[in-house]
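**Student:** To start, I am sharing the structure in question, which I have written as C-alpha cells.
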Amino acid sequence: MHPNIDKSRRTIPVVEFDSTQEHYTEYKLNPAIDPAVRLIAFYLPQFHPFPENDEWWGKGFTEWYNVGRAHQNYTGHYQPHCPIHNGYYDLRVPSIMEDQAALAQQYGVYGFSYYFYWFAGKILMDTPLEMMLANPKVDIPFCLTWANENWTRRWDGLDDDILIAQDHSAEDSLAFIQHLIKYFNDSRYIRIDGKPVLIIYRASIIPEIKSVATLWREEVKKHGFPDLYLICAQSFDVRNPEKYSFDAAVEFPPHATNSQDISDEIEIINPDFKGYVYNYNHVVSEAIKKSETDYKTFRTAMLSWDNTARKQNNGHSFHGFSLMRYKQWLSAMCGNSSRSDRYGTEEKIVFINAWNEWAEGSHLEPDRKYGYGYLQATYDVISCYDKKLLPSPTFQQFEKRHEYAVLLHVHYYEVWSDIKSKLDNFTNLGFDLYVTR
C-alpha cells in the first residue's frame, strides 16, 4: 500500500454473521420448530451400577468414576468434563431420562439412538432401556445401535483381556432380532417408510452377515413390518453397506476421519503421556469437503472427542474444539442432507456423536465450561431447516429492470440492517435485488 494513502481506507468493514461465543451459555427456552432434517444423537445407557461392572471394576462403578478423575495431559487440555443440569446422574431414576428427552427436543434434537449390549443372549445395561420402554413420559423418538463387539478391560473392543465376548451365530442372530421386536413395536421407535431402523456397530465381524441380514428381514416381516432398515456404522473396516446387504451406512467419527496428529506441536505437561492429540479444526475441514458416496450414507457431526477419562496416559483427544467449528460441521451435514435428492423425506437424517459420551469427552449435555452452548449451537443450525421457513417448490419468473443485479443470501436476519446500509451506497447505480433465505 502506498504510504501516502489515508490509513482509514485500509479498514475492511466486517459484518458479524454469527453470535456464537466460546464460553458458558445459559439455558434458553427456544421457539418450537419442526425441522425437515432430523437430528439423532447416539446415547450411552451406562450411567447406573449393575452386577457385572461391580465384579469387573468395583462396587458401584459407573462411567462417572472415570470422568471425575481425569486430568490434563497438555496445556489447554480441557479435562475433566464436569456435568451440570442433571449432574452425575443415575439412569435408574425415571425423571432423568424424562428430562433428557425434553431437553433434547427443546434444542432441536429429534431422537436418540441408544446403544444396545447383547452378548449371545446376555444383555447388559438394558435397565434404563426397559424403564424407558415402560415410561411414555420419555417422550422422544428412538432407535437402537447394537454395539456388537467384545467388552475388554482396555475399552477398545479388541481381543485383549476380554470381560465378556460376542458369540455370533445364526441362532443367536435370530434370538437377538426376536428380542428387539418389543422395541420396534413401540410407537416412539424410529422408522423409515415403516421399516424399523437398526444400526450395527461392527457389521464385518458377524459371520455370513448377508444371510443374517436376510434372516432379520424375514423375521420382522412376520411381525407385520414391511422390512428392516439396516445401517452399518463406518467403524474399523466397514464402509460400503452393500457389502453386507444393508440399506445405508452411517459415519461414526472419530472412526474414518482424516486426522492430523499434533502431539509434537503442543506442550505436554503429563510426563507419562504416550497417547495422541489430533487437530479438531483439521478434522472438521476434511469432513466438510468429503465427497458424496455412491451408496447411501448418513452424515455425522462430532463434538469434542477425548477418551482421557478412560485411558489417561494413553488417551486420544481432538484439540482445538470450538462451538463455531462444531456448528459449521453440523451445518454442512444438514445442508447436504437437505439438498440431496437421493434420500427420501424420512431419510433426511443427520447423526451427532454424542448425547452423553462423557468418558469420551463428547456430549451435547451441558457441562461446566460451555453450559448449554453445545445444545444452543445445535438449535441454531437445525432451526434453519424448520419446515415453515423452507422455500416453496414453485418458481417465480423475474423481470429484468436494471443492468446490474445483486443476489443476496440472508442466513441470519439480524445482519440485514448492516447489509442494507452497505447497499444504500449503490442506489444511484440501480440494481435488481434478489434475496434468498
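Heads up: the sequence shown is residues 190 to 626, going by the working numbering.
C-beta atoms are modelled at their ideal positions from N, C-alpha and C, and glycine is treated no differently.
This one's a predicted model, so the numbers in the text were calculated from it and none came from an experiment.
Measure the CB-CB distance between residue 352 and residue 334 and report whether it falls below 8 angstroms.
**Tutor:** Here residue 352 refers to the residue found at position 163 of the sequence shown. Here residue 334 refers to the residue found at position 145 of the sequence shown. Against a cut-off of 8 angstroms, the Cβ pair of residue 334 and residue 352 comes out as no contact.
**Student:** Drop a sphere of 10 angstroms on the beta-carbon of residue 622, count the other beta-carbons inside from all chains shown, and report buried for 16 or more, exposed for fewer.
**Tutor:** Reading the sequence shown from its first residue, position 433 is the one you call residue 622. Exposed, by the Cβ-count rule.
**Student:** Helix, strand or coil, according to DSSP, for residue 594 in the structure here?
**Tutor:** Numbered from 1 along the sequence shown, position 405 holds the residue referred to as residue 594. If DSSP states are grouped into helix, strand and coil, residue 594 belongs with the strands.
**Student:** With a floor of 4 residues, list each alpha helix (DSSP H) that falls wholly inside the stretch 271–312, ordered by position along the chain.
**Tutor:** 283–295
**Student:** Who are residue 227's beta bridge partners in DSSP?
**Tutor:** The count along the sequence shown starts at 1 and reaches residue 227 at position 38. DSSP lists 538 as partners of residue 227.
**Student:** Looking at the secondary structure, which residues open and close the beta strand (DSSP E) in which residue 385 lies?
**Tutor:** For the purposes of this step, residue 385 is taken as the residue at position 196 of the sequence shown. Counting along the chain, the beta strand (DSSP E) containing residue 385 begins and ends at 384–389.
**Student:** Quick check on residue 523 - is its C-beta less than 8 angstroms from some C-beta in chain C?
**Tutor:** In the structure shown, chain C cannot be found, because there is only a single protein chain.
**Student:** On a Cα-Cα basis, can you pick out the residue from 297, 377, 277 that is closest to residue 322?
**Tutor:** Position 133 of the sequence shown holds residue 322. Checked all of 297, 377, 277; the closest Cα to residue 322 is 377.
**Student:** What's the C-alpha gap between residue 254 and residue 554?
**Tutor:** Along the sequence shown, read from residue 1 onward, the residue named residue 254 stands at position 65. Along the sequence shown, read from residue 1 onward, the residue named residue 554 stands at position 365. If you take the alpha carbons of residue 254 and residue 554, they lie about 18 angstroms apart.
**Student:** Going along the chain, which residues of its own chain have a beta-carbon closer than 8 angstroms to the beta-carbon of residue 424, five neighbours each way excluded?
**Tutor:** Against the sequence shown, residue 424 aligns to sequence position 235. For residue 424, where only same-chain residues beyond five positions count, the Cβ hits under 8 angstroms are 390, 391, 441, 444, 445.
**Student:** In the DSSP assignment, what residue or residues form a beta bridge with residue 486?
**Tutor:** Here residue 486 refers to the residue found at position 297 when the sequence shown is read from its first residue. According to DSSP, residue 486 bridges with 438.
**Student:** Residue 314 by DSSP, collapsed to three states: which one?
**Tutor:** Taking the first residue of the sequence shown as 1, we reach residue 314 at position 125. It is coil, neither helix nor strand.
**Student:** Does the stretch 213–226 touch the stretch 557–576, meaning 3 or more C-beta pairs lie closer than 8 angstroms?
**Tutor:** yes
**Student:** Please state whether DSSP places residue 403 in a helix, a strand or coil.
**Tutor:** Along the sequence shown, one-based indexing puts residue 403 at 214. Of the three classes helix, strand and coil, the one that applies to residue 403 here is helix, per DSSP.
**Student:** Give the DSSP-derived three-state secondary structure of residue 361 in the structure shown.
**Tutor:** Locating residue 361 in the sequence shown gives position 172, counting from the first residue. Residue 361 falls in the helix class under three-state DSSP.
**Student:** Per DSSP, residue 624 forms a beta bridge with which residues?
**Tutor:** Reading the sequence shown from its first residue, position 435 is the one you call residue 624. Per DSSP, 597.
**Student:** According to DSSP, residue 340 sits in a beta bridge with which residue or residues?
**Tutor:** Here residue 340 corresponds to residue number 151 of the sequence shown, with the count starting at 1. DSSP, once it has assigned bridges, lists 353 as partnering residue 340.
**Student:** What is the rounded straight-line gap between the Cα of residue 584 and the Cα of residue 289?
**Tutor:** Translated into positions along the sequence shown, residue 584 becomes position 395. Translated into positions along the sequence shown, residue 289 becomes position 100. Note on residue 584: pLDDT 42, under 50, position unreliable in the model; the coordinate value appears next. Those two C-alpha atoms are separated by around 41 angstroms.
**Student:** Classify residue 512 as helix, strand or coil using the three-state DSSP reduction.
**Tutor:** Along the sequence shown, read from residue 1 onward, the residue named residue 512 stands at position 323. Reduced to three states, the DSSP call for residue 512 is helix.
**Student:** Pull the bridge partners of residue 334 from the DSSP assignment, please.
**Tutor:** One-based indexing of the sequence shown puts residue 334 at position 145. In DSSP, residue 334 forms a bridge with 304, 388.
**Student:** By the three-class DSSP mapping on this structure, what secondary structure does residue 258 have?
**Tutor:** Mapped onto the sequence shown, residue 258 falls at position 69. Correct three-state label for residue 258: helix.
**Student:** Could you tell me the distance, in whole angstroms, from the CA atom of residue 153 to the CA atom of residue 249?
**Tutor:** The question about residue 153 has no answer here: the residues shown for the chain are numbered 190 through 626.
**Student:** Taking residue 616 and residue 540 to be in contact with their CB atoms under 8 angstroms, please state how far apart those CB atoms are, rounded to whole angstroms.
**Tutor:** For the purposes of this step, residue 616 is taken as the residue at position 427 of the sequence shown. For the purposes of this step, residue 540 is taken as the residue at position 351 of the sequence shown. With a Cβ gap of about 47 angstroms, residue 616 and residue 540 do not count as contacting.
**Student:** Tell me which residues share the same chain as residue 484 and place their Cβ nearer than 8 angstroms to its Cβ, disregarding the 5 neighbours each side in the sequence.
**Tutor:** As a position in the sequence shown, residue 484 is number 295, starting the count at 1. Only 429, 430, 431, 437, 438 meet the Cβ criterion.
**Student:** Hey, could you find the ends of the beta strand (DSSP E) residue 466 is sitting in?
**Tutor:** Position 277 of the sequence shown holds residue 466. From DSSP, the beta strand (DSSP E) with residue 466 extends over 465–468.
**Student:** Can you give the Cα-Cα distance for residue 522 and residue 571, rounded to whole angstroms?
**Tutor:** One-based indexing of the sequence shown puts residue 522 at position 333. One-based indexing of the sequence shown puts residue 571 at position 382. So the alpha carbons of these two residues sit roughly 11 angstroms apart.
**Student:** When the Cα atoms are used, what is the spatial distance from residue 422 to residue 608?
**Tutor:** Numbered from 1 along the sequence shown, position 233 holds the residue referred to as residue 422. Numbered from 1 along the sequence shown, position 419 holds the residue referred to as residue 608. Going from the Cα of residue 422 to the Cα of residue 608 covers about 43 angstroms.
**Student:** Tell whether a beta-carbon distance below 8 angstroms holds between residue 534 and residue 298.
**Tutor:** To locate residue 534, count along the sequence shown from 1; it is residue 345. To locate residue 298, count along the sequence shown from 1; it is residue 109. No, the pair does not count as a contact, with Cβ atoms beyond the cut-off.
**Student:** State the Cα-Cα distance for the pair residue 305 and residue 482, rounded to the nearest angstrom.
**Tutor:** Position 116 of the sequence shown, counted from the first residue, corresponds to residue 305. Position 293 of the sequence shown, counted from the first residue, corresponds to residue 482. Approximately 28 angstroms between the Cα atoms of the pair.
**Student:** May I ask you to report which of helix, strand or coil DSSP gives residue 380?
**Tutor:** Numbered from 1 along the sequence shown, position 191 holds the residue referred to as residue 380. Correct three-state label for residue 380: strand.
**Student:** Tell me the residue span of the alpha helix (DSSP H) that contains residue 564.
**Tutor:** As a position in the sequence shown, residue 564 is number 375, starting the count at 1. Here the alpha helix (DSSP H) through residue 564 covers 562–571.
**Student:** Could you spell out where the alpha helix (DSSP H) holding residue 498 opens and where it closes?
**Tutor:** To locate residue 498, count along the sequence shown from 1; it is residue 309. Boundaries of the alpha helix (DSSP H) around residue 498: 497–500.
**Student:** Residue 544 and residue 230: beta carbons closer than 8 angstroms?
**Tutor:** Here residue 544 corresponds to residue number 355 of the sequence shown, with the count starting at 1. Here residue 230 corresponds to residue number 41 of the sequence shown, with the count starting at 1. Against a cut-off of 8 angstroms, the Cβ pair of residue 230 and residue 544 comes out as a contact.
**Student:** What residue from 460, 236, 619, 281 has the CA that sits closest to residue 252's CA?
**Tutor:** As a position in the sequence shown, residue 252 is number 63, starting the count at 1. Residue 236 is the option with its Cα nearest to residue 252.
**Student:** What's the gap between the Cα of residue 272 and the Cα of residue 556?
**Tutor:** As a working note, residue 272 is residue 83 in the sequence shown. As a working note, residue 556 is residue 367 in the sequence shown. Taking the straight line from one Cα to the other gives about 4 angstroms.
**Student:** Leaving out five residues before and five after residue 453 in sequence, what residues of the same chain have Cβ atoms less than 6 angstroms from its Cβ?
**Tutor:** Here the question's residue 453 lines up with position 264 in the sequence shown. No residues qualify anywhere along the chain.
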